[in-house]
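In this note's numbering, the protein residues as written are 6 to 526.
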């Protein structure tokens with residue numbers, strides 16, 4: 006592998022046929038007046054060519070989604086790596102994007118809550134426990150006895166099963182596909198019926214399903230006939246027990262029972278409240294995703310507002326964006342929305358001080374490590390005040406750039422070329438050093454970092470400087486000086502170096518403007 010990035014004959018925008026060599030795996034800072042050609046060289050030449058070559062290396066199928074990129078006006082560039090641009094211009098205006106989703110912190114939080122979160126019934130507020138087969142059978146019989154305590158009061162619903170209890174095994178829940186083979190396998194295993202998207206169908210028939218539509222398939226394990234008296238009916242209890250056991254086996258520990266009035270009971274040997282019968286769906290990461298139909302609030306579809314163009318919170322979820330079940334899974338008395346509503350510093354403190362059981366701590370350790378490393382970085386670059394649920398479109402350019410930088414640090418890529426545009430904009434002076442340390446850590450992973458910058462601290466930390474000038478526009482576009490900081494400082498033609506040495510200064514105004522006594526209405 007080459008040790009340098011070699012550029013020959015760069016003429017993009019105002020660049021004047023410049024040629025230079027840049028060392029790989031170093032922190033390189035481009036300096037110069039605004040409009041001198043720094044961005045033309047960094048973004049429109051080096052980054053553009055690096056990205057173009059990477060896209061061209063992909064298959065024709067992949068390229069059709071990325072579009073054809075124009076080749077920059079340059080004779081030759083050698084030694085390029087796949088390039089990643091982190092500028093201030095393009096940040097997401099997607100109403101679903103937040104600080105937590107962009108940095109992937111939310112992805113890890115979803116895994117954390119799915120693995121060690123404790124569900125509580127939204128009805129009784131009590132912890133939800135696993136049910137045994139006997140408890141499931143008892144609950145079904147108890148409900149059936151209640152229905153038949155006064156036969157005159159039984160109200161048959163649409164699709165009710167007259168004097169039968171349907172025991173069903175959920176096989177597919179809200180997933181895309183045709184599932185011909187699955188349905189055929191059910192039939193070959195001796196099953197005759199299933200409920201597909203809410204309708205009972207015969208497995209003897211071919212069941213056409215749309216490939217790109219979500220479907221729910223429940224295997225009808227048994228139609229258990231009721232026998233009177235229901236109480237102390239050993240035959241009914243035994244057949245129901247056998248049907249429930251088979252349904253749990255086929256339905257991944259979940260069984261759906263449809264009573265003879267048409268009402269349904271969804272129970273599991275995992276998470277069902279024995280007191281009020283409230284059953285959680287499978288607690289998995291997608292339950293906590295407001296971008297998934299499985300986890301999003303059904304009223305607002307995960308937006309958290311009444312509609313796309315409104316700031317009024319959704320009445321169903323109160324702006325939380327998630328379905329009820331997701332909001333009732335807790336870790337240390339906090340649900341996932343409580344954590345994302347915290348600012349970054351507070352969430353870092355909360356997650357650092359979690360009190361967990363030994364078994365949960367072992368599961369959570371690698372997940373928390375990833376979350377805490379990203380939160381620590383965001384604090385280091387002065388973004389401690391942002392909340393994790395802050396929408397991407399409401400952030401400034403500098404904030405958005407540092408947020409995207411956090412996601413790149415978290416990915417821990419090696420051998421890439423990063424191009425950044427003034428990452429210190431909006432930073433307090435005390436945070437500059439921590440940002441520089443972050444850039445150095447990204448470099449130390451084995452990446453080349455190119456930064457377009459005016460900040461003196463960042464310039465001083467550079468391994469290699471490239472000064473573009475001498476002026477702006479048509480008066481710029483030339484390489485004035487290149488090399489390590491001490492060497493470049495000796496250059497007498499560089500305006501940047503003259504200011505760093507103190508030869509030139511920007512004078513402060515002797516008199517401040519008087520404050521206006523009027524204001525605009």
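All C-beta atoms, glycine included, are put in the ideal place defined by N, C-alpha and C. Please read all numbers here as calculations on a predicted model, not as lab measurements.
Using the beta-carbon count (16 or more within 10 Å), is residue i buried or exposed?
i           : result
residue 425 : buried
residue 63  : exposed
residue 227 : buried
residue 61  : exposed
residue 66  : exposed
residue 404 : buried
residue 333 : buried
residue 428 : buried
residue 483 : buried
residue 438 : exposed
residue 453 : buried
residue 23  : buried
residue 210 : exposed
residue 223 : buried
residue 327 : buried
residue 242 : buried
residue 71  : exposed
residue 137 : exposed
Using the Cα positions of residue i and residue j, report the straight-line distance between them to the nearest angstrom.
i           : j           : result
residue 260 : residue 132 : 20 Å
residue 414 : residue 54  : 23 Å
residue 195 : residue 188 : 11 Å
residue 178 : residue 431 : 47 Å
residue 451 : residue 44  : 23 Å
residue 355 : residue 338 : 11 Å
residue 289 : residue 299 : 10 Å
residue 479 : residue 19  : 6 Å
residue 297 : residue 100 : 14 Å
residue 142 : residue 316 : 47 Å
residue 302 : residue 27  : 51 Å
residue 275 : residue 252 : 14 Å
residue 198 : residue 221 : 14 Å
residue 277 : residue 176 : 19 Å
residue 140 : residue 123 : 21 Å
residue 192 : residue 118 : 37 Å
residue 448 : residue 487 : 19 Å
List the endpoints of the continuous alpha helix (DSSP H) containing residue i.
i           : result
residue 355 : 349-357
residue 490 : 490-494
residue 144 : 138-152
residue 366 : 363-385
residue 52  : Where residue 52 is concerned, there is no enclosing alpha helix (DSSP H), given that its DSSP letter is neither H nor E.
residue 239 : 239-255
residue 66  : 65-71
Take residue i as the anchor and find which of the options has the nearest alpha-carbon.
i           : options            : result
residue 2   : 314, 306, 337      : Missing from the structure shown is residue 2; the chain here goes from 6 to 526 and no further.
residue 225 : 213, 208, 215      : 208
residue 34  : 46, 24, 301        : 46
residue 29  : 419, 492, 268, 216 : 419
residue 508 : 499, 328, 516, 250 : 499
residue 92  : 234, 502, 230, 455 : 455
residue 293 : 145, 340, 462, 248 : 340
residue 234 : 147, 357, 318, 361 : 147
residue 59  : 88, 123, 301       : 88
residue 444 : 472, 412, 352      : 412
residue 310 : 303, 304, 319      : 319
residue 501 : 32, 37, 12         : 37
residue 13  : 50, 31, 347        : 50
residue 184 : 204, 168, 219      : 219
residue 446 : 139, 205, 268, 416 : 416
residue 348 : 387, 199, 245      : 387
residue 441 : 32, 16, 8          : 32
Here's a check: name, in chain order, each residue in its chain whose Cβ is nearer than 6 Å to the Cβ of residue i, leaving out the five neighbours to either side.
i           : result
residue 345 : 105, 393, 394
residue 238 : 232
residue 110 : 376, 379
residue 82  : 12, 54
residue 102 : 397
residue 245 : 142, 229
What are the start and end residues of the beta strand (DSSP E) that includes residue i?
i           : result
residue 228 : 219-230
residue 181 : 169-181
residue 15  : 9-15
residue 28  : 23-28
residue 36  : 32-37
residue 184 : Per DSSP, residue 184 belongs to no beta strand (DSSP E) and is neither H nor E.
Closer than 7 Å by C-beta to residue i: which residues in its own chain qualify, once you throw out the five before and the five after it? Chain order, please.
i           : result
residue 490 : 465, 467, 470
residue 485 : 472, 473, 474, 475, 496, 498, 499
residue 350 : 384, 389
residue 4   : Outside the displayed span of the chain (6 to 526) sits residue 4, for which this structure offers no information.
Which residues in the same chain have their Cβ closer than 8 Å to the Cβ of residue i, if we skip the five residues on either side of it in sequence?
i           : result
residue 127 : 283, 329, 330, 332, 333
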